[in-house]
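Read the structure below first, then the notes.
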Amino acid sequence: NAGVTQTPKFRVLKTGQSMTLLCAQDMNHEYMYWYRQDPGMGLRLIHYSVGEGTTAKGEVPDGYNVSRLKKQNFLLGLESAAPSQTSVYFCASRTRALAGGPYTGELFFGEGSRLTVL
Amino acid sequence: AQSVSQHNHHVILSEAASLELGCNYSYGGTVNLFWYVQYPGQHLQLLLKYFSGDPLVKGIKGFEAEFIKSKFSFNLRKPSVQWSDTAEYFCAVNSNYQLIWGAGTKLIIKP
Numbered sequence: 058n059a060g061v062t063q064t065p066k067f068r069v070l071k072t073g074q075s076m077t078l079l080c081a082q083d084m085n086h087e088y089m090y091w092y093r094q095d096p097g098m099g100l101r102l103i104h105y106s107v108g109e110g111t112t113a114k115g116e117v118p119d120g121y122n123v124s125r126l127k128k129q130n131f132l133l134g135l136e137s138a139a140p141s142q143t144s145v146y147f148c149a150s151r152t153r154a155l156a157g158g159p160y161t162g163e164l165f166f167g168e169g170s171r172l173t174v175l
Numbered sequence: 383a384q385s386v387s388q389h390n391h392h393v394i395l396s397e398a399a400s401l402e403l404g405c406n407y408s409y410g411g412t413v414n415l416f417w418y419v420q421y422p423g424q425h426l427q428l429l430l431k432y433f434s435g436d437p438l439v440k441g442i443k444g445f446e447a448e449f450i451k452s453k454f455s456f457n458l459r460k461p462s463v464q465w466s467d468t469a470e471y472f473c474a475v476n477s478n479y480q481l482i483w484g485a486g487t488k489l490i491i492k493p
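In structure tokens form, the structure reads like this:
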């Protein structure tokens, strides 16, 4: 029972390099999210997706791009990494509310990806 | 826009002490409220949630939270903490497609 899987778990980049973080979930969830976590700042939403082929900006989208070509995958890209993007990145997913049905709203998180930009 | 405030950024307690962590959200209406916990080096996990009904919600590991609508609050409590409760605790409220998060409270339990 994998849940939400993030790869890679650790990465060191030089300023200006690009990379992609992959998030995969096997729970058939419609909603997926990318957060960054920095000391004393809690979780900040970067981008999210409410379904395959759709994405939307969150609180801190600048410098990041995302794609959701398949329902189970949500990719986070850094086109030109900057030291300010040094952080721990978390992917999360959840099911959507069903009309008239139960809705837990619970987010399921991946293990996190620690990115350092030198 | 909805916002969430957690009053204490750091809390240090001795084992067996009682715990209360504050959480306030900015405006009313129908809200869904959550407490998540992040143990050192791990990802966030759901502790408990409130959707409707009894405002006193019981979660895992002996935690509970009380929703007080008139105070826009959802404080987390535990009668007697253990060393293993050392973690960071986050309060969150549902808003459209997102969860709005508090900044977190780091709890350290001294053995």
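Line by line, the protein sequences are chains L and Y. Quick note on my numbering: the first sequence kicks off at 58 and runs consecutively. Quick note on my numbering: the second sequence kicks off at 383 and runs consecutively. All C-beta atoms in this analysis are idealised placements derived from N, C-alpha and C, irrespective of residue type, glycine included. Computed from a prediction, not measured in an experiment: that's the story for all the values here.
- What residue range is occupied by the uninterrupted beta strand (DSSP E) comprising residue 64 of chain L? 61-64
- Message: Taking the alpha-carbon of residue 146 of chain L as reference, which of Y:484, Y:400, Y:424 and Y:460 has the nearest alpha-carbon?
- Response: Y:424
- Message: Taking CB distances under 8 Å as the criterion, tell me whether residue 166 of chain L reaches chain Y.
- Response: yes
- Task: Please state whether DSSP places residue 124 of chain L in a helix, a strand or coil.
- Result: strand
- Is residue 75 of chain L helix, strand or coil by DSSP? coil
- Task: Find the residues of chain Y that neighbour residue 88 of chain L, judging by a C-beta separation of less than 7 Å, and give them in chain order.
- Result: 479
- Item | Continuous beta strand (DSSP E) stretch holding residue 473 of chain Y: start and end | 469-477
- Unbroken beta strand (DSSP E) run spanning residue 150 of chain L, endpoints: 144-151
- Query: Are the C-beta atoms of residue 98 of chain L and some chain Y residue less than 8 Å apart?
  - Reply: yes
- Task: Using the Cα positions of residue 130 of chain L and residue 442 of chain Y, report the straight-line distance between them to the nearest angstrom.
- Result: 30 Å
- Query: Does DSSP put residue 159 of chain L in a helix, in a strand, or in coil?
  - Reply: Low confidence applies to residue 159 of chain L: its pLDDT is 44, below 50, so where it sits in the model is not reliable enough to give any reading.
- Item | Test item: CB-CB of residue 428 of chain Y and residue 418 of chain Y under 8 Å | yes
- In chain order, which continuous runs of the beta strand (DSSP E) of length 3 or greater are located wholly inside the stretch 404-451 of chain Y? 415-420, 427-432, 438-440 and 446-450
- Near residue 151 of chain L, what residues of its chain come up, given a Cβ to Cβ distance below 7 Å and the 5 sequence neighbours on each side ignored? 86, 88, 162, 163, 164 and 165
- Closest Cβ-Cβ distance between residue 147 of chain L and chain Y: below 8 Å? yes
- Message: What would DSSP say about residue 106 of chain L, mapped onto helix, strand or coil?
- Response: strand
- Message: Under 8 Å, Cβ to Cβ, is there at least one residue of chain L near residue 406 of chain Y?
- Response: no
- Out of curiosity, what's the CA-to-CA distance linking residue 460 of chain Y and residue 138 of chain L? 42 Å
- Write down the C-beta distance between residue 446 of chain Y and residue 437 of chain Y rounded to the nearest angstrom, noting that I regard them as a contact closer than 8 Å. About 11 Å; that fails the 8 Å criterion.
- Item | 8 Å Cβ shell around residue 70 of chain L - same chain, five flanking residues per side excluded | 76, 135, 138, 172, 173, 174 and 175
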